[in-house]
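J.: This is the structure, below, for whatever I ask next.
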Amino acid sequence: MNKGSLKIKTSSQRELQDITTQIAAVLSQCSTVSGVLYLFNPHTTAGLTINEGADHDVQKDIITALSHIVPQLRYRHAEGNSPAHIMTLMTGSSLMVQVEGRELVLGTWQRIFFCEYDGPRTRSLHWKYIPDTAC
Amino acid sequence: MNKGSLKIKTSSQRELQDITTQIAAVLSQCSTVSGVLYLFNPHTTAGLTINEGADHDVQKDIITALSHIVPQLRYRHAEGNSPAHIMTLMTGSSLMVQVEGRELVLGTWQRIFFCEYDGPRTRSLHWKYIPDTAC
Amino acid sequence: MNKGSLKIKTSSQRELQDITTQIAAVLSQCSTVSGVLYLFNPHTTAGLTINEGADHDVQKDIITALSHIVPQLRYRHAEGNSPAHIMTLMTGSSLMVQVEGRELVLGTWQRIFFCEYDGPRTRSLHWKYIPDTAC
Numbered sequence: 001m002n003k004g005s006l007k008i009k010t011s012s013q014r015e016l017q018d019i020t021t022q023i024a025a026v027l028s029q030c031s032t033v034s035g036v037l038y039l040f041n042p043h044t045t046a047g048l049t050i051n052e053g054a055d056h057d058v059q060k061d062i063i064t065a066l067s068h069i070v071p072q073l074r075y076r077h078a079e080g081n082s083p084a085h086i087m088t089l090m091t092g093s094s095l096m097v098q099v100e101g102r103e104l105v106l107g108t109w110q111r112i113f114f115c116e117y118d119g120p121r122t123r124s125l126h127w128k129y130i131p132d133t134a135c
Numbered sequence: 001m002n003k004g005s006l007k008i009k010t011s012s013q014r015e016l017q018d019i020t021t022q023i024a025a026v027l028s029q030c031s032t033v034s035g036v037l038y039l040f041n042p043h044t045t046a047g048l049t050i051n052e053g054a055d056h057d058v059q060k061d062i063i064t065a066l067s068h069i070v071p072q073l074r075y076r077h078a079e080g081n082s083p084a085h086i087m088t089l090m091t092g093s094s095l096m097v098q099v100e101g102r103e104l105v106l107g108t109w110q111r112i113f114f115c116e117y118d119g120p121r122t123r124s125l126h127w128k129y130i131p132d133t134a135c
Numbered sequence: 001m002n003k004g005s006l007k008i009k010t011s012s013q014r015e016l017q018d019i020t021t022q023i024a025a026v027l028s029q030c031s032t033v034s035g036v037l038y039l040f041n042p043h044t045t046a047g048l049t050i051n052e053g054a055d056h057d058v059q060k061d062i063i064t065a066l067s068h069i070v071p072q073l074r075y076r077h078a079e080g081n082s083p084a085h086i087m088t089l090m091t092g093s094s095l096m097v098q099v100e101g102r103e104l105v106l107g108t109w110q111r112i113f114f115c116e117y118d119g120p121r122t123r124s125l126h127w128k129y130i131p132d133t134a135c
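Order-wise, the sequence lines are chains A, B and C. Quick note: the first sequence uses the working numbering, first residue 1, plus one each step. Quick note: the second sequence uses the working numbering, first residue 1, plus one each step. Quick note: the third sequence uses the working numbering, first residue 1, plus one each step.
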């Protein structure tokens, strides 16, 4: 099975949640030991990113900075969550991660994060595996 | 045919233009019903993003916010469009979109947007399809 | 050989370094003349982007603007490089580039940049080639 979905439960309005372990677990189902893993966030007020996971303060600093960077304006969108849509544009909705030996190829300090910008909510995440081919 | 180009005509200096219908139309030409679609913006003052398409105010709010976020400094680049280059870095130049059953896999509120930051201009967009293989 | 790593030596705290020539050179080793090239930055205080390479002032303006956009706050992360982590989120850690005729498909003014946000350092970059298949 080279595709699927995961559920992500976020617990605050804005947070970076480390999902690396969940992502690594899907590789056991994939058809080859090497390839590229595509991750997609189907939400418009949340993103996906790769950043430092060793010191949890980095995640908090990122949220603090984004909340400063995106201005508090009188936005048109009546739902009131325009800042979350803007943070999503700045972050991006998808990732590609290299896979070798059925493991994610990440740098020493890197982890994969689900970026919640308008929570808490139950979110989903789609993945699809692009296997290396011998063709 | 698993690759091609599209023309995009933008109508203001800065705008997010919903191009989902044009992108979905190229899938009829692709060699398989499932795969991943790569989209690439070959311009340095425009980007590609996925965000909410239901309320058009979100697109306007994003442009308003980006215009606030990128400061009006005395930039070195003589062409005067440095803010557009910076918005391009923040947005990104390419997207990957999952394809199943010859349809784009997007979330309920998601649409694909061409982000014009230095228009109006006639722009192009390259696409390439990575078909699922049985290998 | 469809994968490998490159060394990148940066020379200042923050800079955009044009790596297009180094990237183009790896294509001679790839198994097919067409495909998609995946580039990955395994560092958490550096990114990858595509932007204008003709006028070097654009690279400087981008660094100047990012240094204004990311606020100087009292961050929690003790290492003192939180702004670099935030710039990395805004930039992104990976790129996909189309390859046809063993050449990168880029727009007229586009070049590929390694974005150093916490240098100078010796950095690495991973690449993996996804060849077009006849399947």
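Note that CB positions come from ideal geometry on N, CA and C, so glycine has one too. Here the structure is a predicted model, which is why all the values come from computation and not from measurement.
Rounded to the nearest angstrom, what separates B:His-56 and C:Asp-57 at their Cα positions?
T.: Cα to Cα, B:His-56 sits roughly 35 Å from C:Asp-57.
J.: When the Cα atoms are used, what is the spatial distance from C:Glu-79 to A:Ala-46?
T.: Approximately 27 Å between the Cα atoms of the pair.
J.: Would you say A:Ile-8 and A:Arg-123 are within 8 Å of each other, going by their C-beta atoms?
T.: Closer than 8 Å, so yes.
J.: Is C:His-43 near the ligand PLP, with its Cβ less than 7 Å from a heavy atom?
T.: The ligand PLP is absent from the structure shown, which contains no ligands of any kind.
J.: Just checking, does the segment 19-39 of chain B make contact with the segment 98-114 of chain B on the three C-beta pairs under 8 Å criterion?
T.: They touch, by the three-pair rule.
J.: Using the beta-carbon of each residue, which ones in chain C are nearer than 8 Å to B:Pro-71?
T.: Near B:Pro-71 (Cβ distances below 8 Å), the residues of chain C are Ala-65, His-68 and Ile-69.
J.: Per the DSSP calculation, B:Ser-94 is bridged to which residue(s)?
T.: According to DSSP, which records beta bridges pairwise, B:Ser-94 is partnered with B:Phe-40.
J.: Identify the contact partners of C:Ile-130 in chain B, using a Cβ-Cβ distance below 9 Å as the criterion.
T.: Correct list: Ile-130.
J.: Assuming contact is defined by CB atoms lying nearer than 8 Å, are A:Glu-116 and A:Gln-22 in contact in what I supplied?
T.: Not closer than 8 Å, so no.
J.: Quick check on B:Val-105: does DSSP put it in helix, strand or coil?
T.: Three-state DSSP puts B:Val-105 in coil, outside helix and strand.
J.: Under a CB-based cut-off of 8 Å, is C:Trp-127 close to chain B?
T.: No - not a single Cβ of chain B is within 8 Å of the one on C:Trp-127.
J.: Per DSSP, C:Leu-125 is paired with what?
T.: Answer by DSSP bridge pairing, in chain order: C:Leu-6.
J.: Taking the C-alpha atoms as reference points, what is the distance between A:Ala-65 and A:Gln-59?
T.: Using only the alpha carbons, I get a separation of about 10 Å.
J.: Could you tell me which chain B residues have their CB closer than 7 Å to the CB of C:Ile-62, listed as they occur along the chain?
T.: Within 7 Å Cβ-Cβ: His-85, Ile-86 and Leu-89.
J.: Could you work out which residues of chain C lie near B:Gly-92, taking near to mean beta carbons separated by less than 7 Å?
T.: Result: Gly-92.
J.: Are the C-beta of A:His-56 and some C-beta of chain B separated by less than 8 Å?
T.: It does not; no Cβ of chain B falls within 8 Å.
J.: Going by DSSP, what residue range makes up the beta strand (DSSP E) through B:Gln-29?
T.: Segment: none, B:Gln-29 is in no beta strand (DSSP E) and carries neither H nor E.
J.: Residues of chain B with CB closer than 7 Å to the CB of C:Gln-110, please, in chain order.
T.: Neighbours of C:Gln-110 on chain B, chain order: Pro-42 and Thr-44.
J.: Could you say which of B:Thr-91, B:Val-36 and B:Asn-41 lies nearest to B:Thr-133 if we only look at CA atoms?
T.: Nearest C-alpha to B:Thr-133: B:Val-36.
J.: Less than 8 Å between C-beta atoms, sequence neighbours within five positions excluded: which residues of the same chain meet that for A:Pro-120?
T.: So the list reads Lys-9, Thr-10, Ser-11, Ser-12 and Gln-13, once near-sequence residues are dropped.
J.: Below 8 Å on the Cβ atoms is my contact criterion, and I expect B:Met-90 with A:Met-90 to pass it. Report the Cβ-Cβ distance as a whole number of Å.
T.: Yes, B:Met-90 and A:Met-90 are in contact; Cβ-Cβ is about 5 Å, under 8 Å.
J.: Could you tell me which chain C residues have their CB closer than 9 Å to the CB of A:Asn-2, listed as they occur along the chain?
T.: Per Cβ cutoff of 9 Å: no residues; A:Asn-2 is ~14 Å from chain C at best.
J.: Using the Cα positions of B:Leu-48 and A:Phe-40, report the straight-line distance between them to the nearest angstrom.
T.: Going by the C-alpha atoms only, they are around 15 Å apart.
J.: Pull up the DSSP beta-bridge partners for B:Glu-100, would you.
T.: B:Glu-103.
J.: Taking C-beta to C-beta, are B:Thr-20 and B:Ile-112 nearer than 8 Å?
T.: Closer than 8 Å, so yes.
J.: Spatial neighbours of A:Pro-131 within its chain, please: CB distance less than 6 Å, with the 5 preceding and 5 following residues excluded, ordered by chain position.
T.: Counting only Cβ-Cβ distances below 6 Å, and skipping sequence neighbours, we find Ser-31, Thr-32 and Gly-35.
J.: Residues of the segment 20-44 of chain C with a CB closer than 9 Å to any CB of chain B: list them in chain order, please.
T.: Correct list: Ser-34, Gly-35 and Val-36.
J.: Using only alpha-carbon positions, find the residue among A:Ile-62, A:Glu-15 and A:Tyr-38 that is nearest to C:Tyr-75.
T.: The shortest Cα separation from C:Tyr-75 among A:Ile-62, A:Glu-15 and A:Tyr-38 belongs to A:Ile-62.
J.: Can you name the residues of chain A whose CB is closer than 8 Å to the CB of B:Gly-217?
T.: Here chain B has residues from 1 to 135 only, and residue 217 of chain B is not among them.
J.: Where B:Lys-128 and B:Pro-71 are concerned, what is the direct C-alpha to C-alpha distance, given to the nearest angstrom?
T.: Each residue's alpha carbon lies about 35 Å from the other.
J.: What's the call for A:Ser-93, buried or exposed, on a 16-neighbour Cβ count within 10 Å?
T.: The residue is buried, with at least 16 neighbouring Cβ atoms inside 10 Å.
J.: Taking all protein chains shown into account, do 16 or more other C-beta atoms lie within 10 angstroms of the C-beta of C:Ser-82, making it buried, or fewer, making it exposed?
T.: Buried: at least 16 other Cβ atoms inside 10 Å.
J.: Can you find a C-beta in chain A that's less than 8 Å from the C-beta of C:Ser-82?
T.: Yes, contact with chain A.
J.: I'd like to know if B:Gly-101 contacts chain A, where contact means its C-beta is closer than 8 Å to some C-beta of that chain.
T.: Chain A contact via Cβ: absent.
J.: Taking the beta carbon of C:Leu-106 as the centre, do at least 16 other beta carbons fall within 10 Å, making it buried, or is it exposed?
T.: The residue in question, C:Leu-106, is buried, as its Cβ has 16 or more Cβ neighbours within 10 Å.
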